[in-house]
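Q: In our numbering, the protein residues as written are 1 to 130.
To start, I am sharing the structure in question, which I have written as structure tokens.
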């Protein structure tokens, strides 16, 4: 599995601790240093069954600079949002975890992180909600 993290993020550190405690095998992607491409983001969004605005951190300074809070949230605007996330990876919610079988979660809670582990699959939705 792969986990996209920002090491300064407490939710990312918690997710890594939980994966380590469960002895999970994973690869870390420091997504601020190795930003996801538009294609990477489109694939992750498909797996999460979410829209790009659902994983956007609107409290980031760059979000204010871009005026993201006022951007339309319609299907026709998806590409614009994805391009903004690819250009400004700090806007991406984290951590995002993709298991080898394609199971993908926004790992902001212990329950959602556990959902990518084989022994826990199916207990939490892809978006990390019960």
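Every residue, glycine too, gets a C-beta built ideally from N, C-alpha and C.
Remember, it's a predicted structure, so these values are computed and weren't measured experimentally.
Check residue 29 in the structure and name its three-state DSSP category.
A: Taking the first residue of the chain shown as position 1, residue 29 is located at position 29. In the structure shown, residue 29 sits in a strand (DSSP, three-state: E or B).
Q: DSSP three-state call for residue 4: helix, strand or coil?
A: Taking the chain shown and counting its residues from 1, one reaches residue 4 at position 4. Looking at residue 4 - three-state DSSP - the assignment turns out to be strand.
Q: Per DSSP, which one or two residues make a beta bridge with residue 96?
A: The residue you call residue 96 lines up with position 96 of the chain shown. Beta-bridge pairing links residue 96 to 4 and 106.
Q: Please determine if the segment 56 to 66 and the segment 25 to 44 are in contact, where contact requires at least 3 C-beta pairs separated by less than 8 angstroms.
A: The segment 56 to 66 vs the segment 25 to 44: no contact.
Q: Report the three-state DSSP secondary structure of residue 70 (helix, strand or coil).
A: The count along the chain shown starts at 1 and reaches residue 70 at position 70. Here residue 70 sits in helix by DSSP.
Q: In the DSSP assignment, find the alpha helix (DSSP H) that holds residue 42 and state where it starts and stops.
A: In the chain shown, residue 42 corresponds to position 42, counting from 1. 38 to 48 is the extent of the alpha helix (DSSP H) around residue 42.
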